[in-house]
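Chemist: The structure under discussion is supplied below as C-alpha cells; questions concerning it will follow.
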Amino acid sequence: MNAIETVSLTKFYGKSRGINDIDLTVAEGDFFGFIGPNGAGKSTTIRILTGLISQTSGDAKIFGKDAGKTDVLADIGYMPSEVNFYHGMKVREVIKYSAELRKRNCAKEASRLCERLELDINKKISELSLGNRKKVSIVCALQHNPRLCILDEPTSGLDPLMQREFYAILQERNSEGATIFLSSHILSEIQKYCKRAAVIREGRLLVCDHVENLVHTNAKKVTLSGISEPPKLDGIGKVEVDGGTVKFLYGGKPRELLNALALLPITDIGITEPDLEEIFMHYYAEGKNDNS
Numbered sequence: 008m009n010a011i012e013t014v015s016l017t018k019f020y021g022k023s024r025g026i027n028d029i030d031l032t033v034a035e036g037d038f039f040g041f042i043g044p045n046g047a048g049k050s051t052t053i054r055i056l057t058g059l060i061s062q063t064s065g066d067a068k069i070f071g072k073d074a075g076k077t078d079v080l081a082d083i084g085y086m087p088s089e090v091n092f093y094h095g096m097k098v099r100e101v102i103k104y105s106a107e108l109r110k111r112n113c114a115k116e117a118s119r120l121c122e123r124l125e126l127d128i129n130k131k132i133s134e135l136s137l138g139n140r141k142k143v144s145i146v147c148a149l150q151h152n153p154r155l156c157i158l159d160e161p162t163s164g165l166d167p168l169m170q171r172e173f174y175a176i177l178q179e180r181n182s183e184g185a186t187i188f189l190s191s192h193i194l195s196e197i198q199k200y201c202k203r204a205a206v207i208r209e210g211r212l213l214v215c216d217h218v219e220n221l222v223h224t225n226a227k228k229v230t231l232s233g234i235s236e237p238p239k240l241d242g243i244g245k246v247e248v249d250g251g252t253v254k255f256l257y258g259g260k261p262r263e264l265l266n267a268l269a270l271l272p273i274t275d276i277g278i279t280e281p282d283l284e285e286i287f288m289h290y291y292a293e294g295k296n297d298n299s
C-alpha cells in the first residue's frame, strides 16, 4: 500500500501559485525526502496532506483514503515548520494535551522521548529556546507511534547532537515500519538518511527517484586549476571561480570536454561524482533554463 499518493494535486491562493499538478507516490515504509527552498511548495503540499487546507483540484490520499479525514489523521504524526504553543502552559501540559486530543495514553513513550531529547517537562513554553520548542513539537508528533510521520523542516533550531539523536529516533521508527516523509532544504540530511526523494521548484516536481540515483547522474563535478573561467561548452552549470581554480558541473559529452580542455593551460584536473546539493542546484538551473 502507498502511504501517500497525489494525482494532479494543485493549489492556488487566489491568483497566486501554490503547487501545480503534483503527482507523488510514497510507499508505506519509505524514508522519503521532499527537497526545495522556501516558497517552492513543500509546506503547501504538506498542509493538504494533513488536512489543514484543501486543494484547488486533484487528489491526495493517505493509506488509500482521502487526506484530511478524521480516521486518516489518527495515523499521522505531524510536525510543522513553525512551532507555536500556548506560552503559559508547561511542557508536560502541552504534551499531555496533544495526547488527549488523539484520545491516546502516550505517557510512557512521551517520557522516553523527552529523556532522549533532554527536554525539561517542567518548564513553561515561554521559557524555552527555539531548539527546545522544536523538541516539544517532536514529542507531540511522535508520542502516539504514528504509521506516517510528516515532518516539515524539523531540524532547524536543533543543535548538531540533537539533530543526530532526532534522526536516530526516526531511523528506529522507520525500521519498525513507520513511513517518514521529511521536507528539508538541508541536502546533506536527505542524502544521509532518506531512501527516496523528490525535488520541487516553483510548485512543480522536477524529479523523484532513489537518492542514490539522484546523485549518480551523468553530471560530473569538474575542478580545473590554472585558468580563471570555464571552457565554453554546452552542458556546463553551477560554475564557481576562486582565483586560478574553476569548478563546475558538466552534463555533456566527455569527448567534447576533453577536446576543449586540451586547448587550455590547465595545471591540474579533478573529475568526481557531485553530492546531492550540487545535483539539486543542477536540476534547478536546468529548470530555469527550460522556462527561459
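For the sequence shown, my numbering gives the first residue as 8, with consecutive numbering after it.
By construction, the Cβ of each residue, glycine as well, lies at the ideal position given by its N, Cα and C atoms.
Can you list, in chain order, the stretches of the alpha helix (DSSP H) that have 4 or more residues and sit fully within the region 96-166?
Modeler: Listed in chain order, they are 98-108, 114-123 and 137-149.
Chemist: On a Cα-Cα basis, can you pick out the residue from D28, L231, F70 and Q62 that is closest to G20?
Modeler: For clarity, residue 20 is Tyr in the given sequence; the question names Gly instead. Looking at the Cα atoms, Q62 is the closest of the given residues.
Chemist: Please determine, among M169, P272 and T162, the residue with the shortest C-alpha to C-alpha distance to E122.
Modeler: Checking every option, the nearest Cα to that of E122 belongs to M169.
Chemist: Does the CB of N181 have a neighbour CB from chain D at under 7 Å?
Modeler: Of the protein chains in the structure, only one exists, and it is not chain D.
Chemist: Considering only C-alpha positions, which residue in the set L271, L124 and R24 is nearest to T162?
Modeler: With distances taken between Cα atoms, T162 lies closest to L124.
Chemist: Out of A74, S64, C201 and R54, state which residue places its alpha-carbon closest to the alpha-carbon of D159.
Modeler: Comparing Cα-Cα distances from D159 to each of A74, S64, C201 and R54, the minimum goes to R54.
Chemist: How many Å lie between Y174 and E263 at the Cα?
Modeler: Spanning the two alpha carbons is a distance of roughly 43 Å.
Chemist: If you compare alpha carbons, which of K254, G43 and G95 is closest to K131?
Modeler: The shortest C-alpha separation from K131 is found at G95.
Chemist: Round the Cβ separation of V101 and L126 to the nearest angstrom and send it over; I've been treating them as touching at under 8 Å.
Modeler: Their Cβ separation, rounded to whole angstroms, is 11 Å, which puts V101 and L126 out of contact at 8 Å.
Chemist: Measure the CB-CB distance between C156 and I187 and report whether it falls below 7 Å.
Modeler: In this structure, I187 lies closer than 7 Å to C156 by Cβ.
Chemist: Leaving out five residues on either side along the sequence, give the residues of the same chain with a beta carbon under 7 Å from the beta carbon of G48.
Modeler: If we look at G48 and ignore the five residues flanking it on each side, its Cβ neighbours are G25, I26, I207 and G210.
Chemist: Considering only their Cβ atoms, is the gap separating A148 from Y85 smaller than 7 Å?
Modeler: Result yes, Cβ atoms of Y85 and A148 sit closer than 7 Å.
Chemist: What residue from K239, L177, V248 and P281 has the CA that sits closest to L194's CA?
Modeler: Per the Cα distances, P281.
Chemist: Within its chain, find whatever has a CB closer than 8 Å to the CB of I273; leave out the 5 residues flanking it on each side and keep chain order.
Modeler: Excluding sequence neighbours, I273 sits near L231, S232, G233 and I234.
Chemist: Are the Cβ atoms of V98 and I145 separated by less than 7 Å?
Modeler: Not closer than 7 Å, so no.
Chemist: List the DSSP bridge partners of L256.
Modeler: Answer is K228 and G244.
Chemist: Roughly how many angstroms separate the alpha carbons of T57 and N45, rounded to a whole number?
Modeler: The alpha-carbon atoms of T57 and N45 are separated by roughly 19 Å.
Chemist: Would R154 and D73 be called neighbours here (beta carbons separated by less than 7 Å)?
Modeler: Contact flag unset, no.
Chemist: Here's a check: name, in chain order, each residue in its chain whose Cβ is nearer than 7 Å to the Cβ of T17, leaving out the five neighbours to either side.
Modeler: I26, N27, D28, Q62, T63, S64 and G65.
Chemist: Label L108 either buried or exposed according to how many other C-beta atoms from any shown protein chain fall within 10 Å of its C-beta, with 16 as the threshold for buried.
Modeler: Under this definition L108 is an exposed residue.
Chemist: Between G43 and L189, how many whole angstroms is the CB-CB distance? I'm expecting something under 8 Å.
Modeler: Not really, about 12 Å apart at Cβ, beyond 8 Å.
Chemist: Roughly how many angstroms lie between the CA atoms of G138 and H192, to the nearest whole one?
Modeler: For G138 and H192, the distance between alpha carbons rounds to 18 Å.
Chemist: Please determine, among K110, K227, L80 and E172, the residue with the shortest C-alpha to C-alpha distance to R119.
Modeler: Comparing Cα-Cα distances from R119 to each of K110, K227, L80 and E172, the minimum goes to E172.
Chemist: Between D275 and the rest of its own chain, which residues show a CB-CB distance below 6 Å, the 5 nearest in sequence each way excluded?
Modeler: These residues qualify, in order along the chain: S232.
Chemist: Could you tell me the boundaries of the alpha helix (DSSP H) in which L80 lies?
Modeler: L80 -> alpha helix (DSSP H) spans T77 to L80.
Chemist: Hey, would you say A226 sits closer than 7 Å to C215, going by beta carbons?
Modeler: Result no, Cβ atoms of A226 and C215 do not sit closer than 7 Å.
Chemist: Leaving out the 5 sequence neighbours to the left and right, which residues in its chain are closer than 6 Å to N181 when beta-carbon positions are compared?
Modeler: Excluding sequence neighbours, N181 sits near F38 and I187.
Chemist: Roughly how far, in whole angstroms, is the beta-carbon of G259 from the beta-carbon of L240, given that I think they are within contact range, below 8 Å?
Modeler: Yes, they are in contact, since the Cβ atoms of G259 and L240 sit about 6 Å apart, within 8 Å.
Chemist: What is the rounded straight-line gap between the Cα of S299 and the Cα of K245?
Modeler: Here S299 scores only 35 on pLDDT, less than 50, and its place in the model should not be relied on; the value that follows carries that caveat. The straight-line gap from Cα to Cα measures roughly 17 Å.
Chemist: In terms of residues, what are the limits of the beta strand (DSSP E) holding L270?
Modeler: First-last for L270: undefined, no H or E at that position.
Chemist: Pop quiz: K202 and V218 are said to be a contact at Cβ under 8 Å. What is the actual Cβ separation, rounded to whole angstroms?
Modeler: Contact flag correct, Cβ pair sits at about 6 Å.
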